[in-house]
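Chains as they are written, first to last, in numbering that gives the first Met the number 0: chain A, 0 to 326; chain B, 0 to 341.
All residues carry an ideal CB built from backbone N, CA and C; glycine is no exception.
Keep in mind the model is a prediction, meaning the values are calculated, not measured.
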Amino acid sequence: MYRDRSSQISIAVFLGIVLAVLALLAPRFFDPANLGDLGTSVAITAVVGLGALAVIATGNIDVSAGAIFAISGVAGASAADAGLGPVASLAIAVLTGAVLGAVNGVLVTLLQIPSIIATLGTASVFSGGLIFLTDGGLWIVGLPKDYTWLGQGSVLGVSVPILFAVVLCVLSALLLTQTPAGRRIFAVGSNAEAARLAGINAKLVEGATFVINGIALGIASTLTVARLGQAQTNLGDAITILAITVAVVGGTSVFGGTGSVLGIVLAAALVELTRSALTFLHLDPLWSESLQGLFILAALVLSVVQRRRAGRRLRPTSIFRTEASRA
Amino acid sequence: MRKRIADHLPTAVLVVLLVVVVIAMSGLSRHFLAVSNLLSAIQLAAPLGIIAIGMTFVVLIGGIDLSVGSTFALSAIAIGMLCSAGVPLALAAVLGLLVGVLCGLLNGVLVSALGLPSIVVTIATMAGYRGLALAISGGSSFPIPADLAFLGQGYVAGVPMPVIILVIVFAVAAVMLMTTPYGDRLYALGANPVALRFAAQRSRRLTLSAYVVAGFLSAVAALVYGTMVSSAKSNFGTGYELAAVTIVVVGGVALTGGRGSLWGALLATVVIALLQNGLSISFVPTEIQTMFVGGALILTAVIYRWLPPLLVAGRRRDTVVDGGRTSSTATHPATPTKETTQ
C-alpha cells in the first residue's frame, strides 16, 4: 500500500475552488438546510464507494452494483411495508445484498470467470429477476415513519445517514489499515501470486470483498429508500457508474493495491458537490454526467503523472488480472 | 492440443446453442421460422452486431471498450443535429462517422499513450460521451430525414439494408483480421505484447487503431439505427456496451486477448437475436429475455473456462492409463490456472 496523499490533496484543492466559486456566485448554497441535504447525499454515496473500494482494491470490478442496490432496497422496503421494524428491514436489505454479492464471489473465485463477465451476467439476471418477481415493476410508497427515520431522521442535529456513513468509514479505515484482513485485501490487489505464496487465501479474500460490497450496497440502498420515503425497481440505475467513479476518483487501485477511505469520502463529496453546484450556478444539470466522466479521466491522468514522478514502473491494470501480470 | 480444443470449442458451442434456440423457439411460436421473421430479427440486431465487430478488435488486443454505446448515441445525435441544422445529408452522415472515429481516437490515446487500463478509461468516456450527447441535445430527439432512410429501412433483393451493411462490415473486418499482416499483429499484440515489442512492432499505434475501429463501427451502427427509426436521441444504445461484451464473450473471444474469431461474434449475434426475437413473438416478457441473455453469458463463460481442461484431462488419462474415456471422473482439472500461465 502506498502512502501517497497527492490525489487526495488534488481533490481537496478542487473542492476548495468549487466552494469558493459558490461562495462568490451563489451564497444561498451555504444555507444550512442545503448543506445538511448535501451532507446526507455525500454520506450515502460514500457508503456505496466503500463497497466498490473493497472490490476494486483486489483487482476486480462489480458492474452488478446497480442491480444489487435495487434488489436490496426493494427487499428492505417490502419488509418495512409488510410491518417489520426498521432494524429487521435493514437486516433483510443487508442480507439480500450479501447473498447477491456472494453469488458474484462464487462465480469469480470458484468458477474463475473474470469479474467483468460474471457481474455483467449477474447484472442481467438480477435486474431481470427483480422485474419478474415484482410482476413488471414496483412502486412502494407510504413507508412507515420509523423506517423512513433511517433516511430522514437526525440525532443531535446530525442526519442518520451521516451517522451511518461515519461509523462505516471509521470501521472500514480501521479494517483496512489496522487489521491483517485489510492488509490481505491490498496484498491480493497488488500481486495475487505473491499474496498466495505468502499464505494468503486469495480466493477467500476476493470472494469476501464481493460480499462486503453487497453489504455496503444493502445499507446504502436502505438509507436511500428511507430518505426518499419510497422504493422503485429502477432505484439502482445510476449506481454502478457512481460506485466506480467514486472508487477510481478516490484513488483506488487502478495500479493495484491502493485505496483509502479518506479518498472515497473526498470523491463522494466531489461528485455530489459538483452535481449540486451545477444547479446553484444555473448551469444545465445535464452536464453532470459528462463531468463524472471528466473527473475519472482527470484522476487517471493524475495517477499516471504521480507514478511517473515517483519513478515507478507503469503497470496497468489490476482490474484485468491478465493485463497486469503481462506488462 | 489444448489450443486446438480451445479454438474450436466456441464454434461448436455456438452451433449447438443455435440449434437449441431454433428448435425451442419454433416450438414456442409457429411464426418463428418464417424467412421474413428471421430477416427482421437480424435486421433489428444489425446495429448491435456491427458494434460487436468493433468490440472484437478491442478485445482481441486484450482491452475492452465500454464507451461504444455512448459513442453510438453521440454519433446519432451529431447526425440528427447536423441534418436539422440544414447540413447536406451526405456530409452530416460523414461527420457523424467522424465523431465516432474521434471518440475512438480519444479512448485509444488514453489507453496507449498513458498506459491506462482500458476498462476504467472507457467507463469514464462512457459517462463523458453520453453526458455530452445529453447536454448538447438538451435531452430532446432530432428527426433524421427520410432521404437517408434507405440505409435503415430499404431492401435490396428482399434483404434489409441493415443486414447487408452488417454482412459488408463483417466481410471487410474478417478480411482485415484473417488475411492481412495488420490482423496478425492485432492477434500477436493480444497474445503477447512483449514479444511484439521485441519484434519491433509499434504496439501503441496498433492499440490506437483497435479503439478507432470500435469508435468508427459504433458510428456506422448509429447511422444504421438512426435511419432505421428516423430519429436520434441521447439515450440511444443504453446498455449496448454490455450487450456487445456479452456477444463477444459468448462468441468465444477471450477477454485476455489474442484468441477468438469474428465468426464467433457473428454467430453469437445471430443466436442472441433469434433468442430475443423468439421470446418476443411468444410474448415472453422483456425481463425474462434479459435473464436468459445474462444466463447464457455466464453459462458460456463457464463452458469456455472449464470444458477444455476437462477434455484435456480426459485425453491424458486415455494415453497414460490406457483406460476408458472417463472424463466425468476428472473432477480436478489438471491444467494450470490463468494466473500462472500468463
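* Is the CB-CB distance between A/F68 and A/S220 below 8 angstroms? -> Contact flag set, yes.
* Distance, Cα to Cα, A/R307 vs B/P161? -> 47 angstroms
* To do: To the nearest angstrom, report how far apart A/A66 and B/S229 are at their CA atoms.
  => 32 angstroms
* Using beta-carbon positions only, say whether B/L188 and B/L205 come within less than 8 angstroms of one another. => yes
* If you draw a straight line from the alpha carbon of B/S116 to that of B/S140, how long is it in whole angstroms? -> Checking the sequence shown, residue 116 of chain B turns out to be Pro, not Ser. So the alpha carbons of these two residues sit roughly 34 angstroms apart.
* Asked: In chain order, which continuous runs of the alpha helix (DSSP H) of length 4 or greater are located wholly inside the region 140-204 of chain B?
  -> 149-152, 160-178, 180-190 and 192-197
* Might you give, ordered along the chain, the residues of its own chain that have their beta carbon closer than 7 angstroms to the beta carbon of B/L216, omitting 5 neighbours on each side? => So the qualifying residues of the chain are I49, I50, I52, G53 and V168.
* Measuring alpha carbon to alpha carbon, tell me which of A/L119, A/L14 and A/R182 ends up nearest A/I199. => Here the closest residue by C-alpha is A/R182.
* Determine the direct distance from the alpha carbon of B/L37 to that of B/V119, and round the result to whole angstroms. => 37 angstroms
* Asked: Using the C-alpha atoms, what's the distance from A/L285 back to A/Q291?
  -> 11 angstroms
* To do: State the CB to CB distance for the pair A/P143 and A/T39, rounded to an integer number of angstroms; the pair is presumed to be in contact (CB under 8 angstroms).
  => Wrong, their Cβ atoms sit about 20 angstroms apart, outside the cutoff.
* Apply the 10 Å Cβ neighbour rule to A/T176 and answer buried if 16 or more other Cβ atoms are within range, or exposed otherwise. => With fewer than 16 other Cβ atoms inside 10 Å of its own Cβ, A/T176 counts as exposed.
* Output, in sequence order along the chain, the residues in the region 234-248 of chain A whose CB is closer than 8 angstroms to any CB in chain B. => I240, I243, T244 and V247
* For A/L272 and A/L334, the rounded distance between their alpha carbons -> No statement about residue 334 of chain A is possible, as the shown extent of chain A runs from 0 to 326 and does not include it.
* To do: Please classify B/T121: is it buried, with 16 or more other beta-carbons within 10 angstroms of its beta-carbon, or exposed?
  => buried
* **Contacting residues, own chain, Cβ-Cβ under 6 angstroms from B/L265 (five flanking each side not counted)** => The answer, listed in chain order, is F169.
* Asked: DSSP on B/A112, reduced to helix/strand/coil?
  -> coil
* Contacts of A/A117 in chain B (Cβ-Cβ under 8 angstroms) -> I297 and A300
* To do: Quick one: list the residues of chain A neighbouring B/I60, beta-carbon separation under 8 angstroms, in chain order.
  => Under the 8 angstroms cutoff, chain A gives no residues; its nearest Cβ is about 10 angstroms from B/I60.
* Note the first and the last residue of the continuous alpha helix (DSSP H) segment covering B/G68. => V67 to S83
* According to the neighbour-count rule (16 or more other Cβ atoms, all chains shown, within 10 Å of its Cβ), is B/D64 buried or exposed? -> B/D64 comes out buried.
* Report the residue from B/I76, B/S260 and B/V270 whose alpha carbon sits nearest the alpha carbon of B/T55. => B/S260
* To do: Could you list which residues in chain A have their beta carbon closer than 9 angstroms to that of B/T245, in chain order?
  => Neighbours of B/T245 on chain A, chain order: I116, L119, G120 and S123.
* **DSSP three-state assignment for A/S171, whether helix, strand or coil** => helix
* Closer than 8 angstroms by C-beta to B/I302: which residues in its own chain qualify, once you throw out the five before and the five after it? Chain order, please. => L8 and V12
* To do: For A/V300, return the contacting residues in chain B, with the cut-off set at a CB-CB distance below 9 angstroms.
  => What A/V300 touches in chain B: L109, L113 and L115.
* To do: To the nearest angstrom, report how far apart A/A74 and B/V311 are at their CA atoms.
  => 45 angstroms
* Using the beta-carbon of each residue, which ones in chain A are nearer than 8 angstroms to B/M290? -> S123, V124, G127, G128 and F131
* Should A/A364 and A/A191 be called a contact, given that it needs their Cβ atoms to be closer than 8 angstroms? -> It is not possible to answer for residue 364 of chain A, since the shown part of chain A is limited to 0 through 326.
* In the structure shown, what three-state DSSP assignment does B/S230 receive? -> Of the three classes helix, strand and coil, the one that applies to B/S230 here is strand, per DSSP.
* Any residues in the region 13-36 of chain B with a beta carbon nearer than 8 angstroms to a beta carbon of chain A? Which ones, in chain order? -> none
* **A/I112 - DSSP class collapsed to helix/strand/coil** => The DSSP-derived three-state label of A/I112 is coil.
* **Contact with chain B by A/L296, beta-carbon distance below 8 angstroms** => It does: the Cβ of A/L296 has a partner Cβ on chain B nearer than 8 angstroms.
* Is there at least one Cβ from chain A nearer than 8 angstroms to B/P254's Cβ? -> Reading off the sequence, residue 254 of chain B comes out as Leu, not Pro. At least one chain A Cβ lies under 8 angstroms of B/L254.
* To do: Determine the burial state of A/T178: buried for a count of at least 16 other Cβ atoms within 10 Å of its Cβ, exposed for fewer.
  => Burial call: exposed.
* Where DSSP assigns a beta bridge to B/S281, which residues make up the other side? -> Its beta-bridge partners do not exist; DSSP assigns none.
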